[in-house]
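Structure first, then comments.
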Amino acid sequence: RPPPEEGLTTHVCDTSNGMGAEETLSSSSEAHQDGASRMSASSMVPSRVIATEMVLQGARRKPTRGQSMNDFFNSLTHLHLSGMGIDGDLQPLKICPSLTVLYVYDNKLTTLSGLSGLRKLTHLYAQNNELSDMSDFTAPPALEQLYLNGNRIEMLVGLETAPRIRELHMGGQRLTLQPTALQPTAAEAEECEAPQLRFEQRSLWTIAHSLQTLDLSSCGVTDMGLAALVVLQSMHSLDISRNMLSSVVGLQQLLLRLPLLLRLKIAGNALLKSSKWRERIVLAGKRLEEIDGKRVAPNEREFLSRLATATHNRQQQQAAAEEAAMAAAMAAAEAAQRGQESGVDNNCNAAESDKLMALPKGATISRDGRIASVSSRRSYELNWKGLDGSPAPGMRPESDRNLPTGAAMPSSRRLYTTKPV
């Protein structure tokens, strides 16, 4: 039986005898606050009482006349539990299996366990709580919109059971180092191991084909962390403002792989200091219609496309001209080298020709091209008369006397013996 509530009239069924008694439940607002403080999982109050208290405070309508509490709980589709100071889990809400929308923002929740049994839940609003460890979170299978802004989450897990999520809002995570536009660059942040929001791989792959809206503003996302979003091929809206993104090239590569992206928010990042960043992003996002709230006109993209094509063609022509000039220069250098070698040969040949022309008649040339210093004619044996019949210089005629040694020949007499020519 729920605690008294002011102005609430309900028909409570007694299951023991099948009879119902109509009674008016009234209480002060202090009773509501006291009930909210007992929603902790460590409370000694029975879970059924806690659940009933939570549901009656969060329901925006009253049970109809003759309706049992079970039927009333089963008929609830929306439950408003925001700002009630809840600091336990949400397990007691399993008594409302038909819930489709749940508001639990602005509380003190540290866990979202107990929601897996709400198989019809499509919208969950859990902003501004104390959520940090999501390891015990199992998303309901029908979940379509998840709001987790303003928590302390560094690793998002538990989405592998929710393949229908269309909107995921994670902006403004209160991490240890709050990312702003004045923070260090992405490389410096990675060196300092600055905290940033990350996705578990299985969860990211599960929502890859259904997610259309993603809010990652002020989550410490770096250029390296941004690369993981390439699997989100159905995304239409992306908010990555006020992060630690410094590379326009990295963002261009991501946009080229998100063919359905229409809206992009990137304000408050260091990459906005790059030259012509908007033009480069417009060309990379083929279907982008809005950047930071500013519309991308069709003629703007068309003009930039023509300009980029002309620039590319001009660069190609310049590159081709430079390549041709380089090839011509190399060919000229090779020709000049060959010409120098040929010129040396010609000079050598001309010099040799001039030398041959200057030789006296009858002169001979050695094998290496030089003038022979000794006549190459057939030599004859020396005699007393020499080669031309005249006496050898410094020689004396042979006599029977013991002649002294001559000036030109050794003292052996055997060498003085002459033979007729």
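Residue numbers (this note's numbering): 11 to 431. Where a beta carbon is used, it is the ideal one built from N, C-alpha and C, also for glycine.
**Prompt:** If we ignore side chains and look at the alpha-carbon of each, how far apart do Ala346 and Met340 end up?
**Reply:** To locate residue 346, count along the sequence shown from 1; it is residue 336. To locate residue 340, count along the sequence shown from 1; it is residue 330. For the pair Ala346 and Met340, the Cα-to-Cα distance works out to about 10 Å.
**Item:** Met336 (DSSP reduced to helix, strand or coil)
**Value:** Here the question's residue 336 lines up with position 326 in the sequence shown. Met336: helix per DSSP, three-state reduction.
**Request:** Tell me, to the nearest whole angstrom, how far the beta carbon of Thr87 is from that of Thr110; I am working on the premise that it is less than 8 Å.
**Result:** By 1-based counting over the sequence shown, the position of residue 87 is 77. By 1-based counting over the sequence shown, the position of residue 110 is 100. Right, their Cβ atoms sit about 5 Å apart.
**Message:** Taking 8 Å as the threshold (C-beta atoms), are Gly160 and Arg184 in contact?
**Reply:** In the sequence shown, the residue the question calls residue 184 occupies position 174. In the sequence shown, the residue the question calls residue 160 occupies position 150. Result yes, Cβ atoms of Arg184 and Gly160 sit closer than 8 Å.
**Asked** According to DSSP, is Asp233 helix, strand or coil?
**Response** One-based indexing of the sequence shown puts residue 233 at position 223. In the structure shown, Asp233 sits in a helix (DSSP, three-state: H, G or I).
**Asked** How many Å lie between Glu289 and Thr121 at the Cα?
**Response** What you label residue 289 is simply residue 279 of the sequence shown in a count that begins at 1. What you label residue 121 is simply residue 111 of the sequence shown in a count that begins at 1. When rounded, the separation of the alpha-carbon atoms in Glu289 and Thr121 is 44 Å.
**Residue(s) in a DSSP beta bridge with Phe209** = The count along the sequence shown starts at 1 and reaches residue 209 at position 199. The partner list for Phe209 (beta bridge, DSSP) reads Leu166.
**Request:** Classify Gly76 as buried or exposed, calling it buried when 16 or more other Cβ atoms lie within 10 Å of its own Cβ.
**Result:** The residue given as residue 76 occupies position 66 in the sequence shown. Exposed.
**Request:** Have a look at Asn139 and Pro173 and give me their C-alpha separation to the nearest angstrom.
**Result:** Counting from one through the sequence shown, the residue named residue 139 turns up at place 129. Counting from one through the sequence shown, the residue named residue 173 turns up at place 163. Between the alpha carbons of Asn139 and Pro173 lies a distance of about 25 Å.
**Asked** With a Cβ-Cβ cutoff of 8 Å, do Ala69 and Leu89 count as a contact?
**Response** Counting from 1 along the sequence shown, the entry for residue 69 is found at position 59. Counting from 1 along the sequence shown, the entry for residue 89 is found at position 79. Yes, these two residues count as a Cβ contact at 8 Å.
**Message:** To the nearest angstrom, how far is the alpha carbon of Glu312 from that of Leu272?
**Reply:** Locating residue 312 in the sequence shown gives position 302, counting from the first residue. Locating residue 272 in the sequence shown gives position 262, counting from the first residue. In a straight line, the C-alpha of Glu312 is about 16 Å away from that of Leu272.
**Request:** Verify whether the separation of the beta carbon atoms of Leu270 and Glu210 is less than 8 Å.
**Result:** For the purposes of this step, residue 270 is taken as the residue at position 260 of the sequence shown. For the purposes of this step, residue 210 is taken as the residue at position 200 of the sequence shown. Not a contact, by the Cβ cut-off of 8 Å.
**Tyr135 to Glu170 span [Cα, whole Å]** = On the sequence shown, position 125 is the one that residue 135 refers to. On the sequence shown, position 160 is the one that residue 170 refers to. Approximately 19 Å between the Cα atoms of the pair.
**Request:** Tell me where the beta strand (DSSP E) around Asp81 begins and ends.
**Result:** Here the question's residue 81 lines up with position 71 in the sequence shown. Counting along the chain, Asp81 falls outside any beta strand (DSSP E), though it belongs to the alpha helix (DSSP H) covering 79-85.
**Message:** Using only the alpha-carbon positions, how far apart do Thr216 and Gly127 sit?
**Reply:** Counting from 1 along the sequence shown, the entry for residue 216 is found at position 206. Counting from 1 along the sequence shown, the entry for residue 127 is found at position 117. Distance between the alpha carbons of Thr216 and Gly127 is about 19 Å.
**Request:** Between the Cα of Leu265 and those of Tyr113, Asp81, Leu274, Gly295, spot the shortest distance and give me the residue it belongs to.
**Result:** Translated into the one-based positions of the sequence shown, residue 265 becomes position 255. Out of Tyr113, Asp81, Leu274, Gly295, Gly295 has the C-alpha closest to the C-alpha of Leu265.
**Item:** Simplified DSSP state of Glu310, which is helix, strand or coil
**Value:** Along the sequence shown, read from residue 1 onward, the residue named residue 310 stands at position 300. Helix at Glu310.
**Message:** Which residue wins for smallest C-alpha separation from Leu91, given the options Gln327, Val114, Arg71, Pro107?
**Reply:** Numbered from its first residue, the sequence shown carries residue 91 at position 81. The shortest C-alpha separation from Leu91 is found at Val114.
**Request:** Would you mind reading off the limits of the beta strand (DSSP E) that contains Val259?
**Result:** One-based indexing of the sequence shown puts residue 259 at position 249. No beta strand (DSSP E) holds Val259; the alpha helix (DSSP H) holding it covers 258-266.
**Message:** Checking 8 Å against the spacing of the C-beta atoms, do Leu130 and Ala149 come in under that value?
**Reply:** Residue numbering aside, residue 130 sits at position 120 when the sequence shown is read from its first letter. Residue numbering aside, residue 149 sits at position 139 when the sequence shown is read from its first letter. What sits at residue 130 in the sequence shown is Lys, not Leu. Ala149 is positioned such that its CB atom lies no closer than 8 Å to that of Lys130.
**Request:** Can you give me the start and stop residues for the beta strand (DSSP E) that Leu178 sits inside?
**Result:** Here the question's residue 178 lines up with position 168 in the sequence shown. First-last of the beta strand (DSSP E) with Leu178: 177-179.
**Three-way DSSP call (helix, strand, coil) for Val292 in this model** = Mapped onto the sequence shown, residue 292 falls at position 282. Val292 falls in the helix class under three-state DSSP.
**Asked** From this set, Arg297, Gln350, Gly260, which residue's C-alpha is nearest Trp287's C-alpha?
**Response** By one-based count along the sequence shown, residue 287 stands at place 277. Nearest option by C-alpha distance: Gly260.
**Asked** Out of curiosity, what's the CA-to-CA distance linking Leu281 and Asp233?
**Response** Within the sequence shown, numbered from 1, the residue matching residue 281 stands at position 271. Within the sequence shown, numbered from 1, the residue matching residue 233 stands at position 223. Cα to Cα, the separation comes out at about 10 Å.
**Request:** Starting from the Cα of Leu242, find the closest Cα among Gln326, Cys229, Met254, Leu268 and give me that residue.
**Result:** As a first step, residue 242 must be located in the sequence shown, where it is residue number 232. Considering only alpha carbons, the answer is Leu268.
**Asked** DSSP puts Thr321 in a beta bridge; with which residues?
**Response** The residue given as residue 321 occupies position 311 in the sequence shown. Per DSSP, none; premise fails for Thr321.
**Prompt:** Roughly how many angstroms lie between the CA atoms of Asn323 and Leu156, to the nearest whole one?
**Reply:** By 1-based counting over the sequence shown, the position of residue 323 is 313. By 1-based counting over the sequence shown, the position of residue 156 is 146. When rounded, the distance between both Cα atoms is 47 Å.
**Item:** Proximity winner among Gly181, Phe82, Gln222, Thr223, relative to Arg208 (alpha-carbon distances)
**Value:** Taking the sequence shown and counting its residues from 1, one reaches residue 208 at position 198. For the residues Gly181, Phe82, Gln222, Thr223, the minimum Cα distance to Arg208 belongs to Gly181.
**Message:** I'd like the list of long-range same chain contacts for Met245, defined as Cβ closer than 7 Å, with 5 residues on each side in sequence excluded.
**Reply:** Position 235 of the sequence shown, counting from 1, holds the residue named residue 245. Answer for Met245: Leu221, Gln222, Leu224, Leu268, Leu270, Leu271, listed in chain order.
**Asked** Quick one: what does DSSP say Ile276 is sitting in, helix, strand or coil?
**Response** Stepping through the sequence shown from its first residue, residue 276 is reached at position 266. Correct three-state label for Ile276: coil.
**Asked** Cα separation between Ile163 and His219?
**Response** Position 153 of the sequence shown, counting from 1, holds the residue named residue 163. Position 209 of the sequence shown, counting from 1, holds the residue named residue 219. Roughly 23 Å between the two C-alpha positions.
**Prompt:** Would you call Gly278 buried or exposed, if buried means 16 or more other Cβ atoms sit within 10 Å of its Cβ?
**Reply:** The count along the sequence shown starts at 1 and reaches residue 278 at position 268. Buried, by the Cβ-count rule.
**Asked** Residue range of the beta strand (DSSP E) that His88 falls in?
**Response** If you number the sequence shown from 1, residue 88 lands on position 78. Segment 88-90, the beta strand (DSSP E) holding His88.
**Within 8 Å, strictly: CB atoms of Asn64 and Pro102** = Start at 1 with the first residue of the sequence shown, and residue 64 comes out as number 54. Start at 1 with the first residue of the sequence shown, and residue 102 comes out as number 92. It is Met, not Asn, that sits at residue 64 in the sequence shown. Yes, the Cβ-Cβ distance between Met64 and Pro102 is below 8 Å.
**Request:** Output yes if chain C places a C-beta closer than 8 Å to the C-beta of Ala346; else output no.
**Result:** Of the chains in the structure shown, none is chain C; there is only one protein chain.
**Beta carbon of Glu299 nearer than 8 Å to that of Val306** = For the purposes of this step, residue 299 is identified with residue 289 of the sequence shown, where counting begins at 1. For the purposes of this step, residue 306 is identified with residue 296 of the sequence shown, where counting begins at 1. Yes. Within cutoff.
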